[in-house]
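A.B. asks:
Protein chains in written order, with our numbering: chain P, 1 to 113; chain L, 114 to 671.
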């Protein structure tokens, strides 16, 4: 899991840096990190429950729309009731990660009933 | 030497992503992410989304629309689908990149992901066909399809992206608890762009009917999944759908327009050229093949038909989908090419697919790639941008600005960047004054606004509308009609307008020359002063309004 995430992040930085090669590495890193945190991580975590039904490439690609859908819907909801971006940025990916970790915990043979 | 198919496939996908981002944004942006002003923006809608994103960033959330875009009212609900702003504004906060850059980046990124999602849908049928189809999606960055990006159809791009993701989930509907993901993706489609949500609903209804026809009984499991997912989606998108019902559904609703509403920018089958012929060949080959029950073909054909529903009165809500033909139809392209490759010996076929995919990738990249130095920078320039920034900081918040003729200034939403209520000159009135060879005092000015209904809270539990525009002292949010009436006359005496904004040059020489003559007349009238100037822009302030403000100047003396 950690390796998959690491590879995905490195690829994202590489792709951004190649397309925008005149930009500083810091900006490319920050953009990759922001996209990764808001779009990919939540999707990756939420899709864990269905991971066995998906191929690796499919899983990596489809994490994006699932993550962005989660971010878009729940971020908008929170904003609507007054929770600002600064809080949303921290809260939403962490909740998604918690859901993902719970799925891993449940799927562990020791804990599944 | 045995090459791992999975690694090679992944490598081709990564190369595709690089090529897409280079052609779609790297080259147009001269391979930098930060710019001094909106770069590569082609029309008003693009500036509209950019200005809203900037306001949402300042507000820290997506809810209300900028007051200067709705006649000066505070707390008017943003009627547009929120997801684009919800993604682009935090990106700007986290990266320090300006919103005008992050919002366009978001649109290109979603377009790239749309191609990849279609790749996943096709992959369920055949990975080889998916690899051969993927390069075709690069053509979204050229020809008429590029209009979706350049002109700012970014909400539509977001809608198509989530719609395709929901289609992918529909193809996986038999997976346990699929309703959760289906509901989430359907909800996101509704929050991204309502028409695509409606099209998904139609497709799901057709799917059910087809299953009833095929199996001669009601598919209970599918029906259950769809109903639960649909209810979840409506709950998740409730805020957005509620606002849509109170605004666009009222003011726009069913268009009843059979024209594409896109003029010459509407795609026709001829625009597909030889790609279209190969897709057609792929469709024919698919229909005569044994494996005809493929969901990807159903999706492709459905989306192709959707793009012609302007004939049923859906206007551009349907016709804009033609710009996405390269994504929708790429399966048939891949199918035809794979058919051609199937004559190659089986042990070599996998390598042939890799080679053909890379060859197509290179070929299509060559077709859409435009070097940075030949890229169009868009309608904004650094002088107008500097002036807008100056206005934001130096002109009182409630002041109104009157914009004389300038190329960029004719796009209404461009003026939002001054963050003041803006009016733009109607060029016909200048033409009339030129014909009469006089410097007139009265001209028509159109208010720069983007909303057909100003939704607000009439009570803590019910919506209402502001119905006069711009804001008047006694305007209140009222239940009832959403129809907006102007509170100021269309024709205005320039001596009653405090701030005038001029561009020294434009592509229309007579109009800009005349505008400068008005500027000169204002300055010679001794009732005005120039409060800001750069190489292109001059801003004049009237010392006193309501008195004769123009000097004794005629077109022959100017």
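Even glycine gets a Cβ: it sits at the ideal position worked out from N, Cα and C.
Find the residues of chain L that neighbour residue 11/P, judging by a C-beta separation of less than 7 Å, and give them in chain order.
C.D. replies: On the first chain, position 11 is the one that residue 11/P refers to. Going along chain L in sequence order, the residues near residue 11/P (Cβ under 7 Å) are 127.
A.B. asks: For residue 486/L, name the three-state secondary structure that DSSP assigns.
C.D. replies: As a first step, residue 486/L must be located in the second chain, where it is residue number 373. Residue state, collapsed to three classes: helix.
A.B. asks: Quick one: using the 10 Å Cβ neighbour count with 16 as the cut-off for buried, is residue 125/L buried or exposed?
C.D. replies: For the purposes of this step, residue 125/L is identified with residue 12 of the second chain, where counting begins at 1. The residue is buried, with at least 16 neighbouring Cβ atoms inside 10 Å.
A.B. asks: Would you check if the distance between the CB atom of residue 557/L and the CB atom of residue 535/L is smaller than 7 Å?
C.D. replies: Along the second chain, read from residue 1 onward, the residue named residue 557/L stands at position 444. Along the second chain, read from residue 1 onward, the residue named residue 535/L stands at position 422. In this structure, residue 535/L does not lie closer than 7 Å to residue 557/L by Cβ.
A.B. asks: At a Cβ cut of 7 Å, what residues of the region 90-107 of chain P count as close to chain L, listed as they run along the chain?
C.D. replies: Listed in sequence order: no entries.
A.B. asks: For residue 621/L, collect the residues of the same chain with a Cβ closer than 6 Å to its Cβ; drop the 5 residues on either side in sequence, then sort them by chain order.
C.D. replies: Locating residue 621/L in the second chain gives position 508, counting from the first residue. Excluding positions up to five away in sequence, the list is empty.
A.B. asks: So, does the CB of residue 53/P fall closer than 7 Å to a CB anywhere in chain L?
C.D. replies: Looking up residue 53/P in the first chain gives position 53. By this cut-off, residue 53/P is an interface position.
A.B. asks: Is the Cβ of residue 320/L closer than 7 Å to any Cβ of chain P?
C.D. replies: Within the second chain, numbered from 1, the residue matching residue 320/L stands at position 207. Residue 320/L does not count as touching chain P.
A.B. asks: By the 10 Å Cβ neighbour count, where 16 or more other Cβ atoms means buried, how is residue 3/P classified, buried or exposed?
C.D. replies: Along the first chain, one-based indexing puts residue 3/P at 3. Looking at its Cβ environment, which holds fewer than 16 other Cβ atoms inside 10 Å, residue 3/P is exposed.
A.B. asks: So, helix, strand or coil for residue 639/L, using DSSP?
C.D. replies: Counted from its first residue, the second chain places residue 639/L at position 526. Three-state DSSP puts residue 639/L in coil, outside helix and strand.
A.B. asks: When the Cβ atoms of the region 223-236 of chain L are set against those of the region 158-178 of chain L, are three or more pairs found closer than 8 Å?
C.D. replies: Touching, no, given that fewer than three Cβ pairs across the two stretches are closer than 8 Å.
A.B. asks: Taking DSSP as the reference, what is the three-state secondary structure of residue 599/L?
C.D. replies: By one-based count along the second chain, residue 599/L stands at place 486. In this structure, residue 599/L counts as strand in the three-state DSSP scheme.
A.B. asks: Which parts of the region 384-456 of chain L are runs of the alpha helix (DSSP H), unbroken and 4 residues or longer, counting only runs that do not cross its ends?
C.D. replies: Qualifying alpha helix (DSSP H) stretches, in chain order: 386-401, 408-419, 429-432, 438-441, 443-454.
A.B. asks: Which residues in chain L sit within 7 Å of residue 110/P, going by Cβ to Cβ distance?
C.D. replies: The sequence position of residue 110/P within the first chain is 110, counting from 1. Correct list: empty, because the minimum Cβ distance to chain L is about 22 Å.
A.B. asks: With DSSP as the reference, identify every bridge partner of residue 4/P, one or two as the case may be.
C.D. replies: For this step, residue 4/P is matched to residue 4 along the first chain. Answer is none; residue 4/P lacks a bridge partner.
A.B. asks: Answer yes or no: does any C-beta atom of chain L fall closer than 7 Å to that of residue 63/P?
C.D. replies: In the first chain, the residue the question calls residue 63/P occupies position 63. Closer than 7 Å: no.
A.B. asks: How many Å lie between residue 149/L and residue 497/L at the Cα?
C.D. replies: Counting from 1 along the second chain, the entry for residue 149/L is found at position 36. Counting from 1 along the second chain, the entry for residue 497/L is found at position 384. Rounded to whole angstroms, residue 149/L to residue 497/L spans 12 Å at the Cα level.
A.B. asks: Taking 7 Å as the threshold (C-beta atoms), are residue 72/P and residue 220/L in contact?
C.D. replies: By one-based count along the second chain, residue 220/L stands at place 107. By one-based count along the first chain, residue 72/P stands at place 72. No, Cβ-Cβ distance for residue 220/L and residue 72/P is not below 7 Å.
A.B. asks: Quick one: which chain L residues come within Cβ less than 9 Å of residue 45/P?
C.D. replies: By 1-based counting over the first chain, the position of residue 45/P is 45. Result: empty, since nearest Cβ-Cβ is about 13 Å, beyond 9 Å.
A.B. asks: Would you say residue 208/L lies against chain P (beta-carbon separation less than 7 Å)?
C.D. replies: Numbered from its first residue, the second chain carries residue 208/L at position 95. Yes, because at least one Cβ of chain P sits closer than 7 Å to the Cβ of residue 208/L.
A.B. asks: For a cutoff of 7 Å on Cβ pairs, would you count residue 5/P as touching chain C?
C.D. replies: Among the chains of the structure shown, chain C does not appear; the protein chains present are P and L.
A.B. asks: Where residue 489/L and residue 141/L are concerned, what is the direct C-alpha to C-alpha distance, given to the nearest angstrom?
C.D. replies: Here residue 489/L refers to the residue found at position 376 of the second chain. Here residue 141/L refers to the residue found at position 28 of the second chain. Going from the Cα of residue 489/L to the Cα of residue 141/L covers about 8 Å.
A.B. asks: Do you know offhand how far residue 131/L's Cα is from residue 14/P's?
C.D. replies: Position 18 of the second chain, counted from the start, is the residue given in the question as residue 131/L. Position 14 of the first chain, counted from the start, is the residue given in the question as residue 14/P. In a straight line, the C-alpha of residue 131/L is about 9 Å away from that of residue 14/P.
A.B. asks: So with CB distances below 7 Å, who are the chain P contacts of residue 307/L?
C.D. replies: The residue labelled residue 307/L in the question sits at position 194 within the second chain. Within chain P, no residue comes near residue 307/L; the closest Cβ sits about 14 Å away, beyond 7 Å.
A.B. asks: Run through the region 276-333 of chain L for me and flag every whole alpha helix (DSSP H) of 4 or more residues, listed as ranges in chain order.
C.D. replies: Whole alpha helix (DSSP H) segments, 4+ residues: 291-305, 307-328.
A.B. asks: Just to confirm the assignment: which complete beta strand (DSSP E) runs, minimum length 3, are found wholly within the region 224-255 of chain L?
C.D. replies: Complete beta strand (DSSP E) runs here, min 3: none at all.
A.B. asks: Please name the residue, chosen from 372/L, 393/L, 316/L, that lies closest to residue 343/L on a Cα-to-Cα basis.
C.D. replies: In the second chain, counting from the first residue as 1, residue 343/L sits at position 230. Ranking the options by Cα distance to residue 343/L, first place goes to 316/L.
A.B. asks: Per DSSP, which one or two residues make a beta bridge with residue 591/L?
C.D. replies: As a position in the second chain, residue 591/L is number 478, starting the count at 1. 578/L.
A.B. asks: If we define contact as Cβ-Cβ less than 7 Å, is residue 48/P a contact residue for chain L?
C.D. replies: If you number the first chain from 1, residue 48/P lands on position 48. So, not an interface residue.
A.B. asks: Provide the residue(s) that pair with residue 651/L in DSSP beta bridges, ordered along the chain.
C.D. replies: For this step, residue 651/L is matched to residue 538 along the second chain. Looking at the DSSP assignment, residue 651/L forms a beta bridge with 615/L, 646/L.
A.B. asks: Quick one: measure Cβ to Cβ for residue 182/L and residue 603/L, integer angstroms, because I've assumed they're closer than 8 Å.
C.D. replies: To locate residue 182/L, count along the second chain from 1; it is residue 69. To locate residue 603/L, count along the second chain from 1; it is residue 490. Residue 182/L to residue 603/L, Cβ: 19 Å. No contact.
A.B. asks: For residue 37/P, collect the residues of the same chain with a Cβ closer than 7 Å to its Cβ; drop the 5 residues on either side in sequence, then sort them by chain order.
C.D. replies: Along the first chain, one-based indexing puts residue 37/P at 37. Closer than 7 Å at Cβ, skipping near neighbours: 93.
A.B. asks: By how many angstroms is the C-alpha of residue 403/L removed from the C-alpha of residue 127/L?
C.D. replies: The count along the second chain starts at 1 and reaches residue 127/L at position 14. The count along the second chain starts at 1 and reaches residue 403/L at position 290. When rounded, the distance between both Cα atoms is 33 Å.
A.B. asks: List the endpoints of the continuous beta strand (DSSP E) containing residue 73/P.
C.D. replies: Taking the first residue of the first chain as position 1, residue 73/P is located at position 73. It is not in any beta strand (DSSP E) - residue 73/P instead sits in the alpha helix (DSSP H) that spans 56-80.
A.B. asks: Among the residues of its own chain, which have a CB less than 6 Å from the CB of residue 263/L, if the five just before and after it don't count?
C.D. replies: Here residue 263/L is taken as the residue at index 150 of the second chain, counted from 1. Excluding residues within five positions, the ones whose Cβ falls inside 6 Å are 155.
A.B. asks: Could you pull the DSSP bridge partners for residue 606/L from this structure?
C.D. replies: To locate residue 606/L, count along the second chain from 1; it is residue 493. Paired residue(s): 555/L.
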